[in-house]
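Student:
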Amino acid sequence: MIVFERVDKCYGDKPVLREVSLTVRQGEVVVICGPSGSGKSTLIKCVNALEPFQSGTIRIGEAVLGRGSLDARALRRRVGMVFQHFELYPHLDVMENLCLAQRTVLGRSRPAAEERASALLDRVGLRDKRSAMPAQLSGGQQQRIAIARALALDPEVMLFDEPTSALDPEMVNEVLDVMTGLAREGMTMMVVTHEMGFARRVADRVVFMEDGAIVEDCATDVFFGDPGTLSQRAQRFLSKVLPH
Amino acid sequence: MNYAWDWGLVLREPYAGWLIAGVAWTLALSAAGWALALILALPVALLRVLGSPAIRWLAGFYVSVFRNIPLILQMFVWFFVVPELMPRDLGLWVKRDMPQPEFTTAVVALGMYTSGRLAELFRSGIDAVPRGQVSAALACGLTRAQAYQYVILPQAFRIILAPLTSEFLSIVKNSSIALTIGVVELTAESRQIEDMTFHGFEAFGAATLIYVVIAFGLDRMAARLRPSALAVRT
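Protein chains in written order, with our numbering: chain A, 1 to 244; chain B, 1 to 234.
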């Protein structure tokens with residue numbers, strides 16, 4: 001579904017991704033973790049062409065990034081993204097947040113867009129917030145709306161960039177529950193997160209990054225069940241993020 | 001002080017009529033200059049944010065020129081210098097045949113000066129919208145133009161609404177500088193009353209009061225627009 005082949009990226013002469021190769025199969029949930037500055041967010045932002053890269057290719061379905069020109073917009077329709085700071089449109093109410101891209105990008109009629117939006121609001125448990133403004137919602141509610149906004153375009157892949165790290169602790173689970181439900185339904189997901197409990201329960205694979213390179217890429221039960229086989233760096237990271 | 005006050009003077013003909021005509025010219029100058037400034041400022045601001053480095057520099061140069069040269073000097077340049085630099089026939093037409101040459105020139109000077117200030121204000125508003133908003137809009141498949149149309153500019157507008165009101169009040173006051181090239185607006189009319197009657201206190205007092213009333217009215221109008229627009233900002 002998503003195949004990274006030797007992707008390199010740098011800001012000036014500072015490398016941020018080094019020869020990253022990675023495959024995410026259809027329906028797979030891959031958690032990407034690692035210390036801050038290791039290139040996790042940059043990695044997933046390359047998938048929907050928000051971040052350009054200098055060499056290598058990323059294949060998403062039949063679209064190939066990094067080889068000549070590509071219609072980035074067509075790609076982005078198929079790839080939903082959820083941001084650390086929600087990034088709901090603060091001047092629009094919830095329903096308009098969910099309908100804007102459906103109307104301008106997919107060309108759906110207002111009734112069709114609102115019907116889809118209503119179904120998604122039900123699904124994230126926020127049916128009664130359709131005319132609320134983002135500022136009136138809690139962080140957890142805003143992030144659930146942001147997930148619904150991405151789903152409204154019927155994406156084949158969902159990218160999550162630290163979706164819970166800006167949340168108060170008591171709101172983390174309501175967001176993770178929505179993501180877990182999505183994973184159970186077979187959505188292909190790449191998730192940058194420090195929520196190791198979520199990774200252990202939901203992920204098929206865990207990728208550990210450091211200094212822009214993938215250090216570990218293994219099945220979830222190996223990553224958590226058999227840490228002795230991991231690199232020193234990954235073991236140290238795990239001992240810090242896992243509850244004692 | 002031995003001075004015969006006569007406040008009734010400004011309410012008598014012909015002086016009352018002069019003041020009314022002055023107000024009409026002041027409002028016409030301000031409105032036309034504002035319209036020109038808005039039309040020019042938005043594209044300049046967008047070019048400053050989105051253009052290539054060369055385009056950004058050019059747009060920045062535009063802002064520097066029109067914002068930093070005193071308005072009175074810009075009036076003189078547009079009125080006395082620019083027609084001489086034009087092709088001969090066009091220059092003659094501007095000086096002789098153009099309808100309302102003083103007024104038209106004053107609108108151009110006032111509009112260009114204000115457009116430099118507005119372009120900078122718009123740019124600061126655009127810059128104040130969090131970077132993530134563009135990413136979010138692009139990630140949903142919007143084009144950059146759509147992202148600005150639906151997401152960035154509406155938020156930028158809400159951010160700059162208060163200083164935008166100040167700019168609008170400024171253009172009304174700045175329009176008085178048009179008297180230096182012969183537009184008989186409110187300040188010029190009050191000066192004329194002073195010349196005719198030697199009642200400067202009343203003439204300038206009346207003009208002052210009228211400016212205050214105009215500014216107060218415009219400020220009230222803007223204040224009624226503001227709360228609904230600002231309530232939604234996080």
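Just so it is clear, CB atoms sit at the ideal spot from N, CA and C, and this is done for glycine as well.
Source: prediction; values computed, not measured.
Using a cut-off of 9 Å between C-beta atoms, extract the partners of proline 154 of chain B located in chain A.
Tutor: Against the second sequence, residue 154 of chain B aligns to sequence position 154. Near proline 154 of chain B (Cβ distances below 9 Å), the residues of chain A are Tyr89, His91, Leu92.
Student: Is threonine 187 of chain B buried or exposed, if buried means 16 or more other CB atoms sit within 10 Å of its CB?
Tutor: Position 187 of the second sequence, counted from the start, is the residue given in the question as residue 187 of chain B. Answer is buried; the Cβ neighbour count reaches 16.
Student: So which residues of chain A does arginine 117 of chain B contact, with C-beta pairs closer than 9 Å?
Tutor: Taking the second sequence and counting its residues from 1, one reaches residue 117 of chain B at position 117. In chain order: nothing, as chain A lies at least about 24 Å away.
Student: What residues in the stretch 123 to 136 of chain B have a beta carbon less than 9 Å from any beta carbon of chain A?
Tutor: Taking 9 Å as the Cβ-Cβ cut-off against chain A, the residues of the stretch 123 to 136 of chain B that qualify are Pro130, Gly132, Gln133, Ser135, Ala136.
Student: Please list, in chain order, all residues of the same chain as tryptophan 34 of chain B whose beta carbon is under 8 Å from its beta carbon, the five residues on each side excluded.
Tutor: Residue numbering aside, residue 34 of chain B sits at position 34 when the second sequence is read from its first letter. For tryptophan 34 of chain B, where only same-chain residues beyond five positions count, the Cβ hits under 8 Å are Gly111, Thr114, Phe168, Ile171.
Student: Could you check whether the Cβ of leucine 138 of chain B sits closer than 8 Å to any Cβ belonging to chain A?
Tutor: Walking along the second sequence from the start, residue 138 of chain B turns up at place 138. Yes, leucine 138 of chain B lies at the interface with chain A (some Cβ there is under 8 Å from its Cβ).
Student: Of all the CB atoms in chain E, is at least one closer than 8 Å to the CB of phenylalanine 53 of chain A?
Tutor: Within the model displayed, chain E is absent; protein chains A and B are what it includes.
Student: List the endpoints of the continuous alpha helix (DSSP H) containing aspartate 89 of chain B.
Tutor: To locate residue 89 of chain B, count along the second sequence from 1; it is residue 89. Run containing aspartate 89 of chain B: 88 to 92, per the alpha helix (DSSP H) assignment.
Student: So the candidates are A:Val178, A:Glu156, A:Gln143, A:Ala152; which of them puts its Cα closest to the Cα of serine 165 of chain A?
Tutor: Counted from its first residue, the first sequence places residue 165 of chain A at position 165. Nearest of A:Val178, A:Glu156, A:Gln143, A:Ala152 to serine 165 of chain A, Cα basis: A:Gln143.
Student: Please report whether the beta-carbon of threonine 234 of chain B lies at a distance below 8 Å from any beta-carbon of chain A.
Tutor: Here residue 234 of chain B is taken as the residue at index 234 of the second sequence, counted from 1. Any reading at threonine 234 of chain B needs caution, since the residue's pLDDT is 37, under 50, leaving its predicted position unreliable; the model's value is listed next. True, the Cβ-Cβ gap to chain A drops below 8 Å.
Student: Buried or exposed, going by whether 16 or more other CB atoms sit within 10 Å of the CB of arginine 123 of chain B?
Tutor: Here the question's residue 123 of chain B lines up with position 123 in the second sequence. Buried.
Student: When we look at the beta-carbon of aspartate 92 of chain B and count the other beta-carbons within 10 Å, is it buried (16 or more) or exposed?
Tutor: Here residue 92 of chain B corresponds to residue number 92 of the second sequence, with the count starting at 1. It is worth fixing the name first, because residue 92 of chain B is leucine in this sequence and not aspartate. When all chains shown are included, leucine 92 of chain B counts as exposed.
Student: Which residue comes first and which comes last in the alpha helix (DSSP H) that contains aspartate 161 of chain A?
Tutor: Indexing the first sequence from 1 puts residue 161 of chain A at position 161. No alpha helix (DSSP H) holds aspartate 161 of chain A; the beta strand (DSSP E) holding it covers 157 to 161.
Student: Output the distance between the C-alpha atoms of threonine 223 of chain A and arginine 103 of chain A, rounded to the nearest integer angstrom.
Tutor: As a working note, residue 223 of chain A is residue 223 in the first sequence. As a working note, residue 103 of chain A is residue 103 in the first sequence. Looking at the sequence itself, residue 223 of chain A is phenylalanine, so the reference to threonine does not match. One C-alpha to the other measures close to 43 Å.
Student: Considering only the alpha carbon of each residue, which of A:Val31, A:Leu70, A:Ile145, A:Met209 lies closest to serine 131 of chain A?
Tutor: Looking up residue 131 of chain A in the first sequence gives position 131. Comparing Cα positions, the closest option is A:Ile145.
Student: From which residue to which residue does the alpha helix (DSSP H) around isoleucine 44 of chain A run?
Tutor: Position 44 of the first sequence, counted from the first residue, corresponds to residue 44 of chain A. Residues 40 to 47.
Student: For phenylalanine 83 of chain A, which residues in chain B fall below 9 Å Cβ to Cβ?
Tutor: For the purposes of this step, residue 83 of chain A is identified with residue 83 of the first sequence, where counting begins at 1. Within chain B, the residues near phenylalanine 83 of chain A are Gly132, Ser135, Ala136, Ala139.
Student: So if I threshold CB-CB distances at 9 Å, which residues from the stretch 154 to 166 of chain A count as touching chain B?
Tutor: The residues in question are Leu159.
Student: State whether the stretch 173 to 193 of chain A contacts the stretch 17 to 34 of chain A, with contact taken as three or more CB pairs (one from each stretch) at a distance under 8 Å.
Tutor: The stretch 173 to 193 of chain A is in contact with the stretch 17 to 34 of chain A.
Student: Please name the residue in A:Arg76, A:Phe53, A:Gly80 whose C-alpha comes closest to that of glycine 68 of chain A.
Tutor: The residue labelled residue 68 of chain A in the question sits at position 68 within the first sequence. Residue A:Phe53 is the option with its Cα nearest to glycine 68 of chain A.
Student: Give the residues of chain A in contact with valine 151 of chain B, contact being defined as C-beta atoms less than 9 Å apart.
Tutor: By 1-based counting over the second sequence, the position of residue 151 of chain B is 151. Per Cβ cutoff of 9 Å: Tyr89, His91, Leu92, Leu100.
Student: Using beta carbons (cut-off 8 Å, strictly below), is valine 333 of chain A in contact with chain B?
Tutor: Residue 333 of chain A lies beyond the range of chain A shown here (1 to 244); nothing can be said about it.
Student: Chain B beta carbons: is any one of them nearer than 8 Å to that of valine 105 of chain A?
Tutor: Residue numbering aside, residue 105 of chain A sits at position 105 when the first sequence is read from its first letter. Interface residue, yes.
Student: Out of A:Leu98, A:Leu230, A:Leu151, A:Phe86, which one is the CA nearest neighbour of glycine 140 of chain A?
Tutor: On the first sequence, residue 140 of chain A is found 140 positions in, with the first residue counted as 1. The option with the nearest alpha carbon to glycine 140 of chain A is A:Phe86.
Student: Hey, out of B:Leu121, B:Ala147, B:Ala119, B:Glu120, whose CA is closest to glycine 132 of chain B's CA?
Tutor: Reading the second sequence from its first residue, position 132 is the one you call residue 132 of chain B. If we check each option's Cα against that of glycine 132 of chain B, B:Ala147 comes out closest.
Student: In whole angstroms, give me the CA-to-CA distance for arginine 76 of chain A and alanine 150 of chain A.
Tutor: Translated into positions along the first sequence, residue 76 of chain A becomes position 76. Translated into positions along the first sequence, residue 150 of chain A becomes position 150. Going from the Cα of arginine 76 of chain A to the Cα of alanine 150 of chain A covers about 10 Å.
Student: Taking only beta-carbon atoms, is leucine 50 of chain A less than 8 Å away from chain B?
Tutor: Numbered from its first residue, the first sequence carries residue 50 of chain A at position 50. Yes, leucine 50 of chain A lies at the interface with chain B (some Cβ there is under 8 Å from its Cβ).
Student: May I have the straight-line CA-CA distance separating valine 16 of chain A from isoleucine 58 of chain A, to the nearest angstrom?
Tutor: By 1-based counting over the first sequence, the position of residue 16 of chain A is 16. By 1-based counting over the first sequence, the position of residue 58 of chain A is 58. Spanning the two alpha carbons is a distance of roughly 16 Å.
Student: With a threshold of 16 other CB atoms inside 10 Å of the CB of isoleucine 159 of chain B, please say whether the residue is buried or exposed.
Tutor: Residue mapping note: residue 159 of chain B aligns to position 159 of the second sequence, counting from 1. Isoleucine 159 of chain B should be labelled buried.
Student: Answer yes or no: does any C-beta atom of chain A fall closer than 8 Å to that of leucine 50 of chain B?
Tutor: For the purposes of this step, residue 50 of chain B is taken as the residue at position 50 of the second sequence. No, its Cβ sits nowhere closer than 8 Å to a Cβ of chain A.
Student: Check the Cβ-Cβ distances between leucine 42 of chain B and every residue of chain A, and say whether any is below 8 Å.
Tutor: The sequence position of residue 42 of chain B within the second sequence is 42, counting from 1. Not an interface residue.
Student: Please confirm whether alanine 237 of chain B and isoleucine 126 of chain B have their CB atoms less than 8 Å apart.
Tutor: The structure shown does not extend to residue 237 of chain B, since chain B is modelled only from 1 to 234, so the question has no answer here.
Student: Once DSSP output is grouped into helix, strand and coil, what is the label at valine 124 of chain A?
Tutor: Working through the first sequence from its first residue, we reach residue 124 of chain A at position 124. If DSSP states are grouped into helix, strand and coil, valine 124 of chain A belongs with coil.
Student: Counting only the same chain and skipping the five closest in sequence on each side, list residues whose C-beta sits under 6 Å from that of arginine 113 of chain A.
Tutor: Counting from 1 along the first sequence, the entry for residue 113 of chain A is found at position 113. Here the sequence assigns alanine to residue 113 of chain A, which means arginine is not the residue at that position. So the list reads Cys99, Gln102, Arg103, once near-sequence residues are dropped.
Student: Checking contacts by CB at 8 Å: is arginine 77 of chain A closer than that to chain B?
Tutor: In the first sequence, the residue the question calls residue 77 of chain A occupies position 77. Yes, arginine 77 of chain A counts as interfacial toward chain B.
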